[in-house]
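Chemist: Dropping a structure here in structure tokens format, bear with me for questions.
There are 2 protein chains.
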Amino acid sequence: MFNNSVQVSVMANTAKFDREKVIRNAMNLFWLKGLKGTSTRDLQDSLDMRPGSLYAAFGSKEGLYKEALTYYAGLMAERLQNYIDEEDSTLGGIKRFVHCNILESDFPEEAHCFLVKTVLEIYEQDSPLLSEAQTLLKKSEENFTRCFQKALSDGEIPDHHNPQALGSLLQIQLFGLRSYLRSTQDRDAVKGQIEMFFKGLDTTTAKT
Amino acid sequence: MFNNSVQVSVMANTAKFDREKVIRNAMNLFWLKGLKGTSTRDLQDSLDMRPGSLYAAFGSKEGLYKEALTYYAGLMAERLQNYIDEEDSTLGGIKRFVHCNILESDFPEEAHCFLVKTVLEIYEQDSPLLSEAQTLLKKSEENFTRCFQKALSDGEIPDHHNPQALGSLLQIQLFGLRSYLRSTQDRDAVKGQIEMFFKGLDTTTAKT
DNA sequence: TTATTTTTTGAGCAACCGCTCAATAATGCT
DNA sequence: AGCATTATTGAGCGGTTGCTCAAAAAATAA
């Protein structure tokens, strides 16, 4: 945000490309094809940038991938918050988030979470991208937990429930259902399982 | 199985390498690194075979991958049957299968199902490997369903349950828990969720 | 305009990719 | 042993990979 020296003389030549748009496009490509499946040529074509510009802006393919990861996480958090605001119940917002994320995707890449795809693709235990994705997944779960906390204190869920347990349970169901949809293509079965999950919230399960 | 002509003269030179061993090694490599992440050089080194032999035996990298997929599916089905035989309850066998598959893996690749990793990596909708993996996953679920059917008729599970619903539910939980373990590394949380799942079988949930 | 700074371009490098095939080695039959 | 057949070898092909960098273009400041 600020210059660490007195006053950087001036800027010759200002921002040329729309950085957010570029990252969003890159995210979509990586999300669909994976890290190894997306070549720098693919990126050049899709982003309409030449290698020099790409590497000046992001340093490396992995650097761009990392920006795509954080952009994705921000997008999902924002989307969840929007749903909660639109419905005016936290639980209703969560429910709509789950529905939209799993079922209302027409593109195959959206059938699964970009972060989970990342931790499953990358096997090198010391990869910065792996730990970044794991960190973002943890934050995502904490966000769910915070929402359930709110829903509990608003009396939307019976108070014998534990928000942490619900957060991790929701995360697990999301992962499971999205994998299942990708492997079976059976939208109806998945829809039924989602209904069942939220029905269960009003009654039993997850006490910890 | 049979020769389509009268009688193929003779065999000079018989089988030289242990085909099953080669496929098992290939499976482990592919399972860990993925299809695109495993190079033919990796395979040559790990299998101690030169490209000529590899391509004579399997046709292509994808041909070998396909054999690895079916080998994996067979291995898992066999393992489940063994557990069911050892415990002498079907439900106990399923429970042990879930435990072993998810928690007793020391290698990172075993943190997730090879078939699911495949359907998540391959985005080309017309890929033969994608549909092969989907077919094997379907068979796996049918196998679970058959087991639950048996458990139901043996009175191991309350009879208000539906075996199909339990089969797909188990599949979803397996997918979800394994993804979750890979993203959090939290064995205890996963162990707790598994306990909860099987506790739930004795009482509520999954009526279709 | 001219000088200065920054961005963009794209040819191309070294390494690696999946895979081929002529040469060689190994095997079984007679 | 000699022959026929098959398996194995490994140099190396044409193409792709992630990425570099000198040159050209664009933008601002004076």
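Protein sequence lines correspond, in order, to chains C and P.
Residue 1183 in the numbering used here is what sits at position 45 of the first sequence, and the numbering runs on without skipping anything.
Residue 1155 in the numbering used here is what sits at position 17 of the second sequence, and the numbering runs on without skipping anything.
The beta carbon of each residue, even a glycine, is placed where N, CA and C say it ideally should be.
(1) Excluding the five sequence neighbours on either side, which residues of its own chain have a C-beta within less than 6 angstroms of the C-beta of A1289(C), listed in chain order?
(2) Can we count F1168(C) as close to the ligand NAP, meaning its CB is less than 6 angstroms from some heavy atom?
(3) Does K1174(P) get closer than 7 angstroms to chain C when you measure Cβ to Cβ?
(4) At what residue ranges does the segment 1226-1305 of chain C contain a whole run of the alpha helix (DSSP H), taking only runs of 4 or more?
(5) Quick check: what's the CA-CA separation for D1180(C) versus V1160(C)?
(6) Restricting to Cα atoms, I'd like to know which of G1175(P), L1218(P) and L1258(P) is closest to F1235(P).
(7) May I ask you to list, following chain order, the residues of the segment 1266-1292 of chain P that have a beta carbon less than 9 angstroms from some beta carbon of chain C?
(8) Does the segment 1319-1338 of chain C touch the segment 1318-1334 of chain P, meaning 3 or more C-beta pairs lie closer than 8 angstroms?
(9) Is any beta-carbon of chain P found at less than 7 angstroms from that of K1337(C)?
(10) For the segment 1238-1254 of chain P against the segment 1187-1200 of chain P, are there 3 or more C-beta pairs whose distance is under 8 angstroms?
(11) Roughly how many whole angstroms lie between the Cα atoms of F1282(P) and M1187(C)?
(12) Assign L1267(C) to one of two classes, buried (16 or more other C-beta atoms within 10 Å of its C-beta) or exposed (fewer than that).
(13) Specify whether the segment 1168-1178 of chain C and the segment 1254-1263 of chain P touch according to this definition: at least 3 beta carbon pairs, one from each stretch, less than 8 angstroms apart.
(14) Along chain C, in chain order, which residues have C-beta atoms closer than 7 angstroms to that of I1310(P)?
(15) Is the Cβ-Cβ distance between R1316(C) and I1240(C) less than 7 angstroms?
(16) At least one CB of chain P closer than 7 angstroms to the CB of V1257(C): is that the case?
(17) With 7 angstroms as the threshold, decide whether the Cβ of A1215(C) is near any Cβ in chain P.
(18) Taking C-beta pairs closer than 7 angstroms, name the residues in chain P that E1247(C) reaches, listed in chain order.
(19) Which bits of chain C does S1321(P) rub up against, with CB to CB less than 7 angstroms?
(20) Check each candidate in S1184(C), A1206(C) and Q1182(C) and name the one with the smallest Cα separation from W1169(C).
(21) Measure the alpha-carbon distance for A1215(C) versus G1314(C) and round it to whole angstroms.
(22) According to DSSP, simplified to helix, strand and coil, what is M1187(C)?
(23) Could you list which residues in chain C have their beta carbon closer than 9 angstroms to that of H1298(P), in chain order?
(24) What span of residues does the alpha helix (DSSP H) with Q1331(P) cover, start to end?
(25) Helix, strand or coil, according to DSSP, for T1176(C) in the structure here?
(26) How far does the alpha helix (DSSP H) with G1212(P) in it extend, from its first residue to its last?
(27) Drop a sphere of 10 angstroms on the beta-carbon of P1301(C), count the other beta-carbons inside from all chains shown, and report buried for 16 or more, exposed for fewer.
(28) Establish whether the CB of E1250(C) and some CB of chain P are separated by less than 7 angstroms.
(29) Going by alpha carbons, who is nearest to A1271(C) out of H1299(C), Y1203(C) and P1189(C)?
(30) Determine, for L1170(C), whether the minimum Cβ-Cβ distance to residues of chain P falls below 7 angstroms.
(31) Buried or exposed: which applies to H1298(C), given that a residue is buried once 16 or more other Cβ atoms fall within 10 Å of its Cβ?
(32) Given a threshold of 16 other Cβ atoms within 10 Å of its Cβ, counted over all protein chains shown, does K1277(C) qualify as buried or as exposed?
(33) Could you check if S1306(P) is buried or exposed, using at least 16 other CB atoms within 10 Å of its CB as the buried criterion?
Modeler: With the structure as the only source:
(1) Residue 1289(C) sits at position 151 when you count from the first residue of the first sequence. Leaving aside the five residues that flank A1289(C) on each side, the residues in its chain whose CB is nearer than 6 angstroms to its CB run, in chain order, T1228, L1229 and I1295.
(2) The ligand NAP is not part of this structure, which contains no ligands at all.
(3) Locating residue 1174(P) in the second sequence gives position 36, where the first residue counts as 1. At a cut-off of 7 angstroms between C-beta atoms, K1174(P) counts as an interface residue with respect to chain C.
(4) Contiguous alpha helix (DSSP H) elements confined to the segment 1226-1305 of chain C occur at 1228-1241, 1252-1259 and 1266-1291, taking only those with 4 or more residues.
(5) Numbered from its first residue, the first sequence carries residue 1180(C) at position 42. Numbered from its first residue, the first sequence carries residue 1160(C) at position 22. Using only the alpha carbons, I get a separation of about 13 angstroms.
(6) Taking the second sequence and counting its residues from 1, one reaches residue 1235(P) at position 97. Nearest Cα to F1235(P) within the set G1175(P), L1218(P) and L1258(P): L1218(P).
(7) Those would be A1271, Q1272, L1275, K1276 and E1279, in chain order.
(8) Result no; under three Cβ-Cβ pairs closer than 8 angstroms.
(9) Counting from 1 along the first sequence, the entry for residue 1337(C) is found at position 199. No, K1337(C) does not count as interfacial toward chain P.
(10) Between the segment 1238-1254 of chain P and the segment 1187-1200 of chain P there are fewer than three inter-stretch CB-CB distances shorter than 8 angstroms, so the stretches are not counted as touching.
(11) On the second sequence, residue 1282(P) is found 144 positions in, with the first residue counted as 1. On the first sequence, residue 1187(C) is found 49 positions in, with the first residue counted as 1. Taking the straight line from one Cα to the other gives about 50 angstroms.
(12) Your numbering for residue 1267(C) matches position 129 in the first sequence. Buried: at least 16 other Cβ atoms inside 10 Å.
(13) The segment 1254-1263 of chain P and the segment 1168-1178 of chain C touch, with three or more beta-carbon pairs separated by less than 8 angstroms.
(14) To locate residue 1310(P), count along the second sequence from 1; it is residue 172. G1314, L1315, Y1318 and Q1331, listed in chain order.
(15) By one-based count along the first sequence, residue 1316(C) stands at place 178. By one-based count along the first sequence, residue 1240(C) stands at place 102. Cβ atoms of R1316(C) and I1240(C): closer than 7 angstroms.
(16) Sequence index remark: in the first sequence, residue 1257(C) carries index 119 (1-based). A Cβ of chain P is located within less than 7 angstroms of the beta carbon of V1257(C).
(17) Numbered from 1 along the first sequence, position 77 holds the residue referred to as residue 1215(C). A1215(C) has a beta carbon lying at 7 angstroms or more from every beta carbon in chain P.
(18) Position 109 of the first sequence, counted from the start, is the residue given in the question as residue 1247(C). Neighbours of E1247(C) on chain P, chain order: Y1261.
(19) As a position in the second sequence, residue 1321(P) is number 183, starting the count at 1. Ordered by position in chain C, the residues that pass the 7 angstroms Cβ test against S1321(P) are V1254, V1257, Q1272 and L1275.
(20) To locate residue 1169(C), count along the first sequence from 1; it is residue 31. Of the candidates S1184(C), A1206(C) and Q1182(C), the residue whose Cα lies closest to the Cα of W1169(C) is A1206(C).
(21) Counting from one through the first sequence, the residue named residue 1215(C) turns up at place 77. Counting from one through the first sequence, the residue named residue 1314(C) turns up at place 176. Within the model, the alpha-carbon separation for A1215(C) versus G1314(C) is close to 20 angstroms.
(22) Here residue 1187(C) refers to the residue found at position 49 when the first sequence is read from its first residue. Reduced to three states, the DSSP call for M1187(C) is coil.
(23) In the second sequence, residue 1298(P) corresponds to position 160, counting from 1. The contacting residues do not exist; H1298(P) stays about 14 angstroms from chain C at best.
(24) In the second sequence, residue 1331(P) corresponds to position 193, counting from 1. Start and end: R1325 to D1340.
(25) What you label residue 1176(C) is simply residue 38 of the first sequence in a count that begins at 1. Three-state result, T1176(C): coil.
(26) The residue given as residue 1212(P) occupies position 74 in the second sequence. For G1212(P), the enclosing alpha helix (DSSP H) covers residues K1199 to E1224.
(27) By one-based count along the first sequence, residue 1301(C) stands at place 163. Burial call: buried.
(28) On the first sequence, position 112 is the one that residue 1250(C) refers to. Per the sequence presented here, residue 1250(C) reads as His, with Glu not at that position. So, interface residue.
(29) Translated into positions along the first sequence, residue 1271(C) becomes position 133. By alpha-carbon distance to A1271(C), the top candidate from H1299(C), Y1203(C) and P1189(C) is Y1203(C).
(30) Indexing the first sequence from 1 puts residue 1170(C) at position 32. Cβ-Cβ to chain P under 7 angstroms: yes for L1170(C).
(31) Here the question's residue 1298(C) lines up with position 160 in the first sequence. With a 10 Å radius around the Cβ and a threshold of 16 neighbouring Cβ atoms, H1298(C) comes out exposed.
(32) Residue numbering aside, residue 1277(C) sits at position 139 when the first sequence is read from its first letter. So K1277(C) ends up on the exposed side.
(33) Along the second sequence, read from residue 1 onward, the residue named residue 1306(P) stands at position 168. So S1306(P) counts as buried.
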